[in-house]
Every structure is written in C-alpha cells, then in structure tokens.
Amino acid sequence: MLRILPGNESTYARDESMELDKQFDKQFSEVVRIIHESRYNAIKGVNTELVKLYWNVGEYISKKLSTAEWGDAVVEHLADYIQRKHPESKGFARRGLYRMRQFYEVYRDNPIVSTLLTQISWSSHLHILSKTKTIAEKEFYLRLAVNKLKSKYKE
200 MLRILPGNES TYARDESMEL DKQFDKQFSE VVRIIHESRY NAIKGVNTEL
250 VKLYWNVGEY ISKKLSTAEW GDAVVEHLAD YIQRKHPESK GFARRGLYRM
300 RQFYEVYRDN PIVSTLLTQI SWSSHLHILS KTKTIAEKEF YLRLAVNKLK
350 SKYKE
C-alpha cells in the first residue's frame, strides 16, 4: 500500500502527472497539433477577410480618385463620415484610407504577390510597405512573413 506523507501530496500528484504525460505523449501531442492548426486557420481566416476589406476599400478609393470623381478632400470627408456614423469601425481615418489605397495600387498589377497578400496581417503589410522600395523587396518580405507565420503555428 502506498502511503503519502502529509505535505507531499503535490509531489505525488506531479510524479503521477509526469507518468501520465509519458504514457500519452504521442496522443496528447496530436491534440496540441490540432489546437495549433485550428488557431492558425482562425487567424488566417480573420486576416484574409481584413486584407480583402482593405484591398476593396483601397481599390474603390483609387478608382474614384483616378477618374477625378473624387478629390483628396472627399477622402477626408469619407473618414469623418465613417467616424461619425460608425465609431466602432477603427482604422478608417484619413491616414488609414490612404494606406489602403497605397496597398491596392502597389500590388494590383502583380498576380504573384496577390496570392500572398491574404496570408499575413495588415500590420505586417504596413511594415513591408513602409520599409521597402521595390516590388521585388516587397515580395521577398511577404514570402518571408508567410513562411514565418506558417512555421509558428506548425510547431
């Protein structure tokens, strides 16, 4: 019969837990892999929709400005309108709207890059846009960010 001395309950529980870990390591690791994969897919889904939203808003603004249907002042009015009518919508200030336009205009003619766009976060895109000059540099860092994100959630 196993006797647990008073004060040693947590040591016994820890030893028992470690033994269970060894017995079920492969199965438990599979559950953790499933958790990580689902988290990755959830993040990817949210990022995909946000990036599509910002692309579509940028495209809309770009087309309105390029056809002279809108002037720069209209973009500012749009930002004010969104803030007044939909204060819960963050990121649509004048600066954000112009970033969306820039995002669209930089990548619109590059089909290789467009397949990568929805795989990383908006903040990663803003960083890449602000720190790189050429489309080749942008593509390099987009691929790097995508690979880093995939490896992070595959561990």
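When we follow this note's numbering, the leftmost residue of the sequence shown carries the number 200, and every step to the right adds one.
Even for Gly, the Cβ is constructed at its ideal location relative to N, Cα and C.
Query raised in the report: Once you ignore the five residues that flank S327 on each side, which residues in its own chain have a CB closer than 6 Å to its CB?
Result: Residue identity check: residue 327 is Ile in the sequence provided, not Ser. Only K337 and Y340 meet the Cβ criterion.
Report task. Please determine, among V312, E258, D308 and A267, the residue with the shortest C-alpha to C-alpha distance to Y297. Result -> Nearest of V312, E258, D308 and A267 to Y297, Cα basis: E258.
Query - Residue from S350, V345, S216 and G295 whose Cα sits closest to the Cα of T314 - result: Of the listed residues, the one whose Cα sits closest to T314 is V345.
Report task. Run through the segment 268 to 345 for me and flag every whole alpha helix (DSSP H) of 4 or more residues, listed as ranges in chain order. Result -> Taking only runs of at least 4 residues, the alpha helix (DSSP H) segments lying wholly in the segment 268 to 345 are 271 to 284, 293 to 306, 310 to 313 and 321 to 330.
Query - Whole-Å CB distance - R293 paired with V305, under 8 Å assumed - result: R293 to V305, Cβ: 19 Å. No contact.
Query raised in the report: Any idea if F302 is buried or exposed, counting beta-carbon neighbours within 10 angstroms, 16 or more meaning buried?
Result: Buried: at least 16 other Cβ atoms inside 10 Å.
Report task. For I311, count neighbouring C-beta atoms within 10 Å of its own C-beta (all shown protein chains included) and say buried if the count is 16 or more, exposed if not. Result -> So I311 ends up on the exposed side.
Report task. Just mark L316 as buried or exposed, buried being the case when its beta carbon has 16 or more other beta carbons within 10 Å. Result -> The residue in question, L316, is buried, as its Cβ has 16 or more Cβ neighbours within 10 Å.
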